[in-house]
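Below: one structure, written as structure tokens.
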Amino acid sequence: MPYKRPVSVLVVVHTPLGQVLLIERADQSGFWQSVTGSQEDGDASLRETALREVREETGIEAAAQELRDWQLSNVYEIYPTWRHRYAPGVTHNTEHVFSLCVPQALPAVLSPAEHRAWQWLDWRAAADACFSPSNAEAILLLPRLAAIAGQPAPGR
30 MPYKRPVSVL VVVHTPLGQV LLIERADQSG FWQSVTGSQE DGDASLRETA LREVREETGI
90 EAAAQELRDW QLSNVYEIYP TWRHRYAPGV THNTEHVFSL CVPQALPAVL SPAEHRAWQW
150 LDWRAAADAC FSPSNAEAIL LLPRLAAIAG QPAPGR
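Taking the working numbering as reference, the numbering of the sequence shown is continuous, increasing by one, and the terminal residue is 185.
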């Protein structure tokens with residue numbers, strides 16, 4: 030199996046009213062997260078990676094123009110339990126943040142090898158439920174960067 034690239038996407042899937050889709054990792058009970066995934070050789074861009082991961086992890090089909098690139102990236106230390114997936118000596122990953130607004134809370138179609146459950150939560154509760162600090166921080170930025178209903182738009 031080839032090593033994963035230490036470049037990934039985080040996609041916060043949400044509704045206009047601020048409900049956020051979280052999925053629970055199959056390999057770690059209680060580890061709730063947004064859509065995430067590493068860039069692969071066939072991906073032409075990070076946007077393509079994000080669209081592929083949304084489709085693979087949730088079954089939601091989105092068009093490129095529906096995806097919002099936050100122009101935000103996080104560098105974090107890869108959890109030791111998952112470092113074997115990366116080349117020897119790789120300890121950090123750069124994660125690029127996107128969001129996808131869907132009209133309403135949709136059912137997710139999960140890959141059992143990757144995820145065991147899904148849920149839609151209010152953005153505040155979703156941030157509290159995330160095991161990843163960078164994922165929680167991204168969700169907390171949702172009212173400003175994605176202008177969910179009832180929240181101020183960016184710059185206001």
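Every residue gets a Cβ at the ideal spot worked out from N, C-alpha and C, and that includes glycine. Bear in mind the structure is a predicted one, so any value in this text is a computation, not a measurement.
| Check | Outcome |
| --- | --- |
| Alpha helix (DSSP H) segment containing residue 87, residue limits | 75-87 |
| Collapsed DSSP secondary structure at residue 34 in the structure displayed | coil |
| Bridge-paired residues (DSSP) for residue 65 | 39 |
| Residue nearest to residue 69 in terms of C-alpha spacing, selected from 36, 105 and 158 | 36 |
| Residue 75 beta carbon less than 7 Å from that of residue 121 | no |
| 7 Å Cβ cutoff met for residue 62 and residue 163 | no |
| Whole-Å CB distance - residue 87 paired with residue 104, under 8 Å assumed | Contact doesn't hold; Cβ gap of about 26 Å is too wide. |
| CA nearest to the CA of residue 143, picked from 64, 49, 40 and 45 | 64 |
| DSSP state of residue 168 mapped onto helix, strand, coil | helix |
| Residue 147: first and last residue of the uninterrupted beta strand (DSSP E) it sits in | 144-151 |
| Three-state secondary structure (DSSP) of residue 163 | helix |
| Beta-carbon proximity of residue 40 to residue 168, cut-off 7 Å | no |
| CB-CB length for residue 96 against residue 79, believed under 8 Å | 6 Å |
| Cβ-based burial, residue 47 [other Cβ within 10 Å; buried from 16] | buried |
| Beta-carbon proximity of residue 155 to residue 49, cut-off 7 Å | yes |
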